[in-house]
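Step one of this worksheet: look at the structure below.
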Amino acid sequence: MTEHETTPETTGDSGGTTTVVEGTKQESAPVAAPPVPVASDHPDRWGRVDADGTVYVKTADGERVVGSWQAGEPAEGLAHFARRFDDLRTEVELLVARLSSGAGDPKHALTSAKHVRETLKDAAVVGDLESLAKRVDHVLTKAEEGLEKAKTAKEAARTQSVARKQELVEEAETLANESTQWKTTGDRLRQILDEWKTIRGVDRKTDEQLWRRFSKARDAFNRRRGSHFADLDRQRGVAKNRKQELVEEAEKLVQSDDWGPTAGRYKDLMVEWKGAGRAPKEADDVLWQRFRAAQDAFFARRSEAFNERDAEFGTNAQLKEALLAEAEAIDPSGDLETARNQLYKIQERWDAIGKVPRERVRDLEGKLRSIEEKVRGAVDAQWRRSDPEAEARVAQFRERVEQFEAQAEKARSAGDKRRAEQAEAQAQQWREWLSAAEAAVATR
């Protein structure tokens, strides 16, 4: 043995030590074999050359012939074989360095170390073969440990990869069966696929099983999404047809002068529009513009007509105020017949003027009624004073009633609604007077 071969109180291989402590064994951390001396520094320490040029290397079992040197001085031959040993030593030290740094591939190191170990027995080199053999054994031990760690790490990585793909599959299945957020879910499934492609280390059988589940989930989601949008397209087609009908009706109503009912119908059309659902966006926008244009056109016409009417009604109110001033000047206490004729003419002009603003109707009509009541009261008093003339007045009032009823009927036949209403109002006034006259005759 050499000074590099042994350490006191140790047993086992060069990859570790077992220290005896009070009758027990305690495993210590692996201890690397000492570095191998450089042979070319003192080649004669590890070998020799005899007189005929044969080169020997010293081993624990004695000397072994490694070659013959005839090219020069014997010392040069010894140095040559020592350099060859140093080449082997360098190769082994490189394996040690790579394994220690973690940069080396344990499998490659194991193969290389085994190859060196096999060649040492017959290697044509001169050097500390025993120390180099221990160094190689150390490399073998470290490489095997590295392989075991790599195997463990690989298995852990595989387990983690399988678990992650399992999570992704379960998420995809949940989304495929439950989600109605079509765009968000579609984006998420693409993200899952992208992540799936980055996950490595799953065995082929497991990977294929998980992939089939993931692919099935994607297909299920795509079918549900396709069915949803197909239904949506059908619904939008129905909505488009219905909205087309509403637009056409709205456009037909634009020229209507029946303001109240038509405005009500437009409100109904709006309710129906909202209940029709969404048509395809482009068609929906076009139809909506047409619908709104028809609505706006009608209400613009109505607003213009109402403005004209309000202006006309305001003028009518002024005219009726002027008539009231004339009516208030009637004095039935004098010539009652003249007063009655004056009132009659004022009533005809009143009706001919037409409507006034709604807020003025009660005031103006009330004032006229007061004047009519004043004249009627005077007529009643005269009737009571001149009973012999009552029958003639009854006949006269009946004639006037019939006259205005005939006018009303004629106006209705001609389609003149306003004239018919005016004549009917005058007939009603004379009916009231007729009723008073008849009552006076009945009670005299």
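The numbering used here applies: residue 1321 is where the sequence shown begins, and numbers increase by one.
In this text, a Cβ means the ideal position worked out from N, Cα and C, and glycines have one as well.
Inter-residue CB distance, residue i and residue j (contact presumed, cutoff 8 Å)
i       : j       : result
Gly1422 : Lys1474 : Actually they are not in contact, since the Cβ atoms of Gly1422 and Lys1474 sit about 15 Å apart, beyond 8 Å.
Gly1597 : Ala1559 : 4 Å
Trp1593 : Phe1611 : 7 Å
Arg1404 : Ala1444 : 7 Å
Phe1541 : Ala1496 : 4 Å
Gln1564 : Leu1607 : 6 Å
Ala1463 : Pro1426 : 5 Å
Ala1583 : Arg1622 : 7 Å
Close beta carbons around residue i, own chain, < 6 Å, minus the five adjacent residues each side
i       : result
Leu1754 : Phe1717, Arg1718, Val1721
Ile1691 : Ala1647
Arg1533 : Val1489
Lys1687 : Leu1644
Asp1514 : none
Leu1460 : Ala1433
Arg1562 : Ala1596
Proximal residues to residue i (C-beta, below 7 Å), its chain only, five neighbours per side dropped
i       : result
Gln1727 : Ala1743
Arg1418 : Gly1424, Ala1429
Arg1384 : Tyr1376, Val1377
Arg1669 : Leu1643
Thr1344 : Note that Thr1344 has pLDDT 39, beneath the 50 cutoff, so the model's placement of it is unreliable and no number is given.
Val1695 : Ile1650, Pro1652, Ala1659, Arg1660, Leu1663
Thr1326 : Caution applies to Thr1326, whose pLDDT of 34 falls short of 50 and renders its modelled position unreliable; the value that the coordinates give is listed next. Hits under 7 Å: none found.
Ser1481 : Ile1519, Arg1520, Gly1521, Val1522
Lys1505 : For the record, residue 1505 in the displayed sequence is Thr; it is not Lys. Closer than 7 Å at the Cβ level, and outside the excluded window around Thr1505, lie Leu1495, Ser1499, Phe1541.
Ser1334 : Because Ser1334 carries a pLDDT of 38, less than 50, the predicted location of this residue cannot be relied on, and the following value inherits that uncertainty. Excluding residues within five positions, the ones whose Cβ falls inside 7 Å are Ala1353, Lys1454, Asp1457, His1458.
Gln1749 : Gln1667
Ala1470 : Pro1426
Residue(s) in a DSSP beta bridge with residue i
i       : result
Lys1687 : In the DSSP output, where bridge partners are listed per residue, Lys1687 has none listed.
Glu1383 : Lys1378
Ser1388 : Thr1374
Span of the beta strand (DSSP E) around residue i
i       : result
Thr1500 : Here Thr1500 belongs to no beta strand (DSSP E), and DSSP marks it neither H nor E.
Alpha helix (DSSP H) segment containing residue i, residue limits
i       : result
Arg1524 : 1524 to 1572
Arg1404 : 1394 to 1421
Arg1368 : First-last for Arg1368: 1367 to 1369, but that is the beta strand (DSSP E), not the alpha helix (DSSP H).
Arg1520 : Careful: Arg1520 lies outside any alpha helix (DSSP H) and carries neither H nor E.
Ile1650 : No alpha helix (DSSP H) holds Ile1650; DSSP gives it neither H nor E.
Asp1588 : 1579 to 1595
Pro1426 : 1426 to 1440
Ala1659 : 1656 to 1673
Spatially closest choice to residue i from the options, by CA coordinates
i       : options                            : result
Leu1488 : Ser1360, Lys1471, Trp1502, Lys1517 : Lys1517
Gln1682 : Lys1665, Pro1652, Glu1641          : Here residue 1682 turns out to be Arg, not Gln, going by the sequence shown. If we check each option's Cα against that of Arg1682, Glu1641 comes out closest.
Gly1546 : Gln1564, Trp1502, Thr1582          : Trp1502
Leu1408 : Arg1437, Ile1650, Glu1711          : Arg1437
His1435 : Val1412, Gly1447, Thr1635          : Val1412
Ile1673 : Ala1614, Asn1627, Arg1738          : Arg1738
Asp1655 : Ala1698, Lys1572, Asp1406          : Ala1698
Val1446 : Arg1365, Val1456, Phe1724, Glu1685 : Arg1365
Gln1511 : Lys1485, Thr1500, Thr1526          : Lys1485
Glu1679 : Asp1588, Phe1633, Ala1715, Thr1494 : Phe1633
His1400 : Gly1382, Gln1638, Ala1380, Gly1367 : Gly1367
Leu1639 : Ala1613, Glu1685, Pro1600          : Glu1685
Leu1552 : Ala1599, Arg1732, Lys1730          : Ala1599
Gln1667 : Glu1741, Arg1713, Ala1712, Glu1624 : Glu1741
Ala1774 : Lys1441, Gly1557, Asp1578, Asp1630 : Only positions 1321 to 1764 of the chain appear in the structure, and residue 1774 is not among them; the question remains open.
Asp1671 : Ala1631, Ala1734, Ala1712, Ala1745 : Ala1745
Ala1625 : Trp1579, Val1591, Gln1749, Asp1381 : Trp1579
Ala1747 : Glu1758, Gly1735, Ala1756, Glu1725 : Glu1725
Ala1756 : Ala1734, Ser1733, Ala1715, Asp1736 : Ala1715
Asp1448 : Asp1381, Glu1465, Thr1461          : Asp1381
Asp1370 : Asp1539, Val1386, Phe1549, Glu1528 : Val1386
Leu1415 : Ala1734, Ala1731, Gly1466          : Gly1466
Lys1601 : Gln1555, His1458, Glu1752, Ala1760 : Gln1555
Thr1526 : Asp1507, Glu1491, Val1567, Arg1478 : Arg1478
Cut-off 8 Å between Cβ atoms - residues of its own chain near residue i, not counting five sequence neighbours on either side
i       : result
Gly1373 : Ser1388, Trp1389, Gln1390, Pro1394, Gly1397
Val1456 : Val1412, Ala1433, Val1436, Arg1437, Leu1440
Asp1778 : No information on residue 1778 is available, as it lies outside the stretch 1321 to 1764 that the chain covers here.
Arg1544 : Ala1496
Arg1732 : Ala1740
Residue i: CB within 7 Å of a non-hydrogen atom of the ligand FMN
i       : result
Trp1608 : Within the structure as shown, the ligand FMN is missing, as the structure has no ligands at all.
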